[in-house]
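Okay, so here's the structure we're looking at.
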Amino acid sequence: MSNFELLCAIVPSAIIDTLWMTCASSFFAFLFGFPLGLLLYATSSGNLFQNNWINRPISAIVDSLRAIPFIILAATIMPITRIIIGKAIGNEAMIFVLSISAIPFYARIAELSFREVDRNLIDTVRAMGATRFQAIREVAIPETLSSLISGFTVTVITILAATAMAGFIGANGLGKLAISYGYQRYNLVVMTILIIILIILNNVIQWFGDRITKRIIFRCQGLQSSIKNLSKDRSNIFFEKN
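Going left to right, the sequence shown walks through residues 48 to 289 as my numbering numbers them.
Laid out in C-alpha cells, this is it:
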C-alpha cells in the first residue's frame with residue numbers, strides 16, 4: 048500500500064476522532080472552568096464575595112491539578128475513569144481525562160481575565176444601586192468577554208495538543224497515528240502529513256478565536272464609556288442639588 052492510499056484510509060477517521068475529543072473536552076472545560084474561575088475571582092480578597100475559606104482550598108486544588116503533567120494525571124486517575132466511564136482507555140475515557148486536565152487550566156485563565164476588570168466600574172454600578180450579582184452580570188462578564196474567548200482559544204489549542212499525547216494511553220486520533228507510523232515505524236511521509244494537519248487545525252482554531260474576539264471587542268467598546276457617562280451624570284446631579 049502506497050503512502051497516499053494509507054493516508055486516505057486512516058487519516059479521515061483520525062481527524063474525526065481528534066476533533067471529537069477536542070470539542071467534547073473543550074465543552075466541559077468551559078462548562079465547569081468558567082464558573083470555577085468566576086468563583087475564584089469573586090471570593091478572592093477585596094472582591095464582591097470575599098471568602099478565604101472558599102477561595103484558598105479551591106485555588107490550591109486548581110493549582111495542584113494544573114501542576115500534574117497530562118500523561119501522569121491520566122495514569123493516576125485511571126481507577127476513577129474506569130468507575131465513571133466504564134473503561135480506562137478509548138476516546139470517551141480520554142475525553143474525561145482531558146476535561147479534568149483542562150478545567151483547572153481554563154478556570155485560572157478565566158480568573159485572571161476577571162481580575163482585569165476596572166474596579167472603579169464595579170464601584171460605580173454598586174453606587175448606582177446594583178447588587179453584587181448584577182455587578183458581575185452587567186459589568187464583570189461583559190468587560191472580560193474578549194479575554195475569556197482568547198483564553199478559551201488557548202485552552203482548545205492546548206487540548207488539541209494533549210490529544211496527541213493521549214495516543215500513548217489508548218486514545219485514537221492523529222496522536223495514535225503519529226505514534227504508530229511516525230515513532231514506531233518511522234514513516235517520515237505519514238509523520239510529516241500528520242504534523243501539517245495538526246498545524247492547520249491549530250491555525251484554524253486560532254483564526255476563529257481571533258475573529259470572535261475582535262467582534263466582541265467591537266460590540267463591548269461602548270460599555271465602559273456608557274458607565275462612565277452615567278457616573279458623570281450622577282455626579283452632576285449631585286453637585287446641582289448642592
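Think of the CB as a built atom: it goes at the ideal place given N, C-alpha and C, for glycine as much as any other residue.
- If you draw a straight line from the Cα of Pro59 to the Cα of Ile246, it is about 16 Å long.
- With respect to the 9 Å criterion, Ala177 and Phe117 are not classified as neighbours on the basis of their beta carbons.
- Judged by beta-carbon spacing, Thr210 lies within the 9 Å limit of Thr69, meaning their Cβ atoms are closer than that value.
- Taking 3 residues as the minimum length, the stretch 160-237 contains no beta strand (DSSP E) run wholly inside it.
- Short of 8 Å from the beta carbon of Ile147, and not among the five residues preceding or following it, lie these beta carbons of its own chain, in chain order: Leu112, Leu120 and Ile124.
- Taken through DSSP and simplified to helix, strand or coil, Lys261 comes out as helix.
- One thing to note: Leu95 has its Cβ no nearer than 9 Å to the Cβ of Ile188.
- Bounds of the alpha helix (DSSP H) holding Ser106 are Asn99 to Ala114.
- Counting along the chain, no alpha helix (DSSP H) covers Leu95, and no H or E run does either.
- Taking each of Gly220, Tyr88 and Asp257 in turn and checking the Cα distance to Arg155, the smallest one comes out for Tyr88.
- Between Ile244 and Ile62, the C-beta spacing is below 9 Å.
- Excluding sequence positions up to five before and after Ile150, its CB lies within less than 6 Å of the CB of Ala76, Phe79 and Gly80, all in the same chain and listed in chain order.
- Taking C-beta atoms under 8 Å as the contact rule, Gly229 and Leu241 qualify, at a distance of about 7 Å.
- Annotated as proximal: Ala218 and Asn138, with beta-carbon spacing under 9 Å.
- Taking a 10 Å sphere around the C-beta of Phe161, we find 16 or more other C-beta atoms and assign the residue as buried.
- Per DSSP, the unbroken alpha helix (DSSP H) holding Thr123 starts and ends at Phe117 to Thr123.
- Shortest Cα-Cα distance from Asn249 to any of Val109, Thr205 and Gly220 involves Thr205.
- Ser92 counts as exposed, since fewer than 16 other beta carbons sit within 10 angstroms of its beta carbon.
- Exposure of Val251 is indicated by the presence of fewer than 16 other C-beta atoms within 10 angstroms of its C-beta.
- Taking the CA atoms as reference points, Thr65 sits about 15 Å from Ile136.
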